[in-house]
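Peer 1: The structure that follows is given in the form of structure tokens.
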Amino acid sequence: MYDKVIWPERYDPKSSALYALNDIDVKAPPEVVWKLLVDAENWSSYFPPEDRVKILAGDSELAPGTRFSRVTVGFPMSLHVTEYEPFTRLAWETTVDDDETGSSAYHGWVITPTDNGCHVLTEETQQGPFFVEELGRKHPGALYRYHQDWVERLARAAEAEVHNHKPTVA
Numbered sequence: 000m001y002d003k004v005i006w007p008e009r010y011d012p013k014s015s016a017l018y019a020l021n022d023i024d025v026k027a028p029p030e031v032v033w034k035l036l037v038d039a040e041n042w043s044s045y046f047p048p049e050d051r052v053k054i055l056a057g058d059s060e061l062a063p064g065t066r067f068s069r070v071t072v073g074f075p076m077s078l079h080v081t082e083y084e085p086f087t088r089l090a091w092e093t094t095v096d097d098d099e100t101g102s103s104a105y106h107g108w109v110i111t112p113t114d115n116g117c118h119v120l121t122e123e124t125q126q127g128p129f130f131v132e133e134l135g136r137k138h139p140g141a142l143y144r145y146h147q148d149w150v151e152r153l154a155r156a157a158e159a160e161v162h163n164h165k166p167t168v169a
């Protein structure tokens with residue numbers, strides 16, 4: 000059994016309009032996966048759709064309390080890191096810029112060490128009219144598919160990182 004996201008009450012999946020869970024086993028240590036996740040401005044190096052991410056306070060990586068912005072599927076969003084346990088847990092809260100409906104989302108990542116590397120689980124809940132319309136009605140299943148693509152590409156990038164940096168035996 001793997002750990003799951005620790006939900007703030009307002010984002011609990013039981014009371015959220017949209018919810019997705021995606022997970023994958025990765026043949027790379029948690030530290031390698033972690034480095035790829037906190038290097039948000041370079042997510043596009045392995046996941047091209049995330050090519051418009053900007054950390055706002057001049058930090059080079061996500062950290063506790065970091066505020067950052069991104070444009071996801073054409074919509075500008077503001078994000079705030081709410082959970083940060085190195086190599087284990089990362090989560091952020093999201094609001095849609097210029098959305099007057101108060102729609103929001105919560106996206107968490109949980110990395111669990113395994114005998115062969117680690118297990119990566121990501122969960123997201125979304126609330127409010129914006130998300131219900133865009134992802135619930137117009138594009139059902141899109142949240143799950145987007146995250147599935149993300150975890151698969153993250154796994155390949157982490158495994159490539161391990162493969163490319165193995166010490167050679169003389």
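Read in numbering that gives the first Met the number 0, the sequence shown has 150 at position 151, and its numbers run on one by one without any break. Ideal Cβ positions, reconstructed from N, Cα and C, are used throughout, including at glycine.
Among residues of its own chain, excluding the 5 on either side of residue 146, which ones have a beta-carbon nearer than 8 Å to its beta-carbon?
Peer 2: Closer than 8 Å at the Cβ level, and outside the excluded window around residue 146, lie 19, 21, 121 and 123.
Peer 1: Residue 16 to residue 164, Cα distance in whole Å?
Peer 2: For residue 16 and residue 164, the distance between alpha carbons rounds to 43 Å.
Peer 1: Compare the Cα-Cα distances from residue 109 to each of 33, 52 and 27 and report the closest residue.
Peer 2: Closest option to residue 109, Cα to Cα, is 33.
Peer 1: How many angstroms separate the CA atom of residue 72 from the CA atom of residue 51?
Peer 2: Using only the alpha carbons, I get a separation of about 10 Å.
Peer 1: Check whether the Cβ atoms of residue 92 and residue 10 sit closer than 9 Å, and answer yes or no.
Peer 2: Going by C-beta atoms, residue 92 is nearer than 9 Å to residue 10.
Peer 1: Excluding the 5 residues preceding and the 5 following residue 98 in the sequence, name in chain order all residues of the same chain whose CB lies nearer than 8 Å to its CB.
Peer 2: 127 and 129, listed in sequence order.
Peer 1: How is residue 49 classed by DSSP in three states: helix, strand or coil?
Peer 2: In this structure, residue 49 counts as coil in the three-state DSSP scheme.
Peer 1: Going by the CB atoms, is the gap between residue 55 and residue 36 shorter than 9 Å?
Peer 2: Cβ distance not < 9 Å, so residue 36 and residue 55 don't count as in contact.
Peer 1: Name the DSSP bridge partner or partners of residue 5?
Peer 2: The partner list for residue 5 (beta bridge, DSSP) is empty, contrary to what the question assumes.
Peer 1: Spell out the partners DSSP gives residue 17 in its beta bridges.
Peer 2: In DSSP, residue 17 forms a bridge with 125.
Peer 1: With burial defined as no fewer than 16 other Cβ atoms inside 10 Å of the residue's Cβ, what is the status of residue 65: buried or exposed?
Peer 2: So residue 65 counts as buried.
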